[in-house]
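Going by the working numbering, the sequence shown opens with residue -19, and the numbers climb by one from there.
Built from N, CA and C at the ideal position, the CB exists for glycine as well.
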Amino acid sequence: MKIVSYNVNGIRAAINKGFLDWLKATDPDVICLQEIKAMKEQLDLSLFEEVGYTNNYWY
């Protein structure tokens, strides 16, 4: 099982810089993101679903 824990320091900026491409290439089973700096309603979680991940959100 491959687990990725990543301090993104802003998820929207990370996505704009190619985070989802990196995620597809890394192909982890579990992704843990810290310091996303966005509320759930500010995120397009379907982007993660498009690359094969379901999601849960805690804050």
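Its chain contains K(-18) as the residues whose beta carbon lies nearer than 8 Å to that of D7, once the 5 sequence neighbours on both sides are disregarded; these appear in chain order. With a beta-carbon spacing of about 5 Å, N(-13) and Q14 fall inside the 8 Å limit used to define contacts.
Bridge pairing for Q22: absent [DSSP]. Around the CB of A(-7), fewer than 16 other CB atoms lie within 10 Å, so the residue is classed as exposed.
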